[in-house]
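Sequence lines, in order, name chains Y and H. Numbering (the numbering used here) for the first sequence: 350 to 461. Numbering (the numbering used here) for the second sequence: 30 to 140. Every residue gets a Cβ at the ideal spot worked out from N, C-alpha and C, and that includes glycine. All values derive from a computational prediction rather than experimental measurement. Below is one structure, written out as structure tokens, with a few remarks after it.
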Amino acid sequence: DTEVTQTPKHLVMGMTNKKSLKCEQHMGHRAMYWYKQKAKKPPELMFVYSYEKLSINESVPSRFSPECPNSSLLNLHLHALQPEDSALYLCASSQSKVMDVYFGPGTRLTVL
Amino acid sequence: DAKTTQPNSMESNEEEPVHLPCNHSTISGTDYIHWYRQLPSQGPEYVIHGLTSNVNNRMASLAIAEDRKSSTLILHRATLRDAAVYYCILRDISGNTPLVFGKGTRLSVIA
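As structure tokens, then:
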């Protein structure tokens with residue numbers, strides 16, 4: 350199994366909703382990442398987890414809350430989002446922070 | 030952070046070689062040169078990486094200048110499936126710098 354899976358594929362939410370994005374990998378990778386990608390732009394790093402601990406938070410607003418319940422799972426909890434948060438959210442993993450990074454297909458989020 | 034410069038876009042004919050350039054004049058001795066690509070409606074995927082010597086794999090070749098201030102990703106025979114945004118990224122050998130994407134080069138392949 351050499352893939353990163355993300356659910357849901359698409360999500361539409363209102364500004365007052367609470368939702369979660371889920372990411373899973375079974376490659377034994379110990380580093381996991383969240384990226385945000387707006388249309389026609391490169392992915393932007395949001396968070397890095399290393400050995401289930403948050404190691405990098407790129408000054409992301411607190412309405413985005415990451416969680417790494419175990420070494421295979423990574424969640425991104427969403428609350429009180431704004432329409433400008435609409436984007437493709439990409440999860441990724443790597444065996445360590447120096448190794449090749451594998452990306453999931455992303456969750457396309459629309460905030461109304 | 031060391032930065033890279035790539036052309037915004039390039040075009041290639043199908044079944045011809047494609048040379049995608051990347052300038053990284055401020056590269057440090059401990060930076061690896063990584064290439065990723067992002068096909069339409071997909072997440073990025075790893076292509077190749079190198080430090081000093083040229084590298085080949087099943088997807089592409091990476092040619093690194095002797096002074097390491099530039100590199101070229103070579104697709105030997107472009108296919109329509111190679112149409113993507115190609116990103117050249119520097120990563121420190123320590124792993125303390127995460128994967129940070131620049132603007133990349135959008136490659137179009139014409140049948």
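Per DSSP, V361 of chain Y is one residue of the beta strand (DSSP E) stretching across H359 to M362. Beta-bridge annotation (DSSP): M381 of chain Y is paired with Y:Y398 and Y:S442. Segment contact: the region 90-98 of chain H against the region 362-380 of chain Y, fewer than three CB-CB distances shorter than 8 Å; contact not assigned. Three or more Cβ pairs drawn from the region 452-459 of chain Y and the region 427-439 of chain Y lie within less than 8 Å of each other, which places the two stretches in contact. Cβ proximity to chain Y below 9 Å picks out S70, Q71, G72, P73, E74, Y75 and H78 from the region 70-85 of chain H. Taking one beta carbon from each stretch, the region 363-375 of chain Y and the region 415-424 of chain Y have 3 or more pairs nearer than 8 Å; the two touch. In the structure shown, L422 of chain Y adopts extended strand secondary structure according to DSSP, grouped into three states. Only those residues of the region 125-136 of chain H whose C-beta falls short of 8 Å from the nearest C-beta of chain Y are listed: N125, P127, L128, V129, F130, G131, K132 and G133.
From the listed residues H:T34, H:D111 and H:L102, the smallest Cα separation to N42 of chain H is found for H:D111. Comparing alpha carbon positions, the residue from H:P36, H:T33, H:Q35 and H:P46 closest to V138 of chain H is H:P46.
Interface criterion not met: the Cβ of V361 of chain Y is under 7 Å from no Cβ in chain H. Ranking H:C51, H:H48, H:L136 and H:R66 by CA distance to the CA of D449 of chain Y puts H:R66 first. Contact check between the region 350-360 of chain Y and the region 404-414 of chain Y: fewer than three CB pairs, one atom from each, fall below 8 Å, which does not count as touching. The beta carbon of E40 of chain H sits closer than 7 Å to the beta carbons of S137 and I139 from its chain, once the five residues preceding and following it are set aside; these are given in chain order. Contacts between S411 of chain Y and chain H, judged by CB atoms closer than 9 Å, are missing: the closest CB pair is about 21 Å apart. The region 40-111 of chain H contains no complete alpha helix (DSSP H) run of 4 or more residues.
The beta-carbon of D449 of chain Y is placed less than 7 Å from the nearest beta-carbon of chain H. By the Cβ-count criterion, R87 of chain H is exposed, with fewer than 16 other Cβ atoms from all chains shown falling within 10 Å of its own Cβ.
In terms of beta-carbon proximity, P357 of chain Y stays away from the interface with chain H, with every pair separated by 7 Å or more.
Beta bridge pairing from DSSP links Q431 of chain Y with no other residue. When DSSP states are grouped into helix, strand and coil, E416 of chain Y belongs to the strand group. The closest CA to that of Y398 of chain Y, considering only Y:K390, Y:P391 and Y:Y384, is found on Y:Y384. Residue environment analysis places G453 of chain Y among the buried positions, since at least 16 neighbouring C-beta atoms fall within 10 angstroms of its C-beta.
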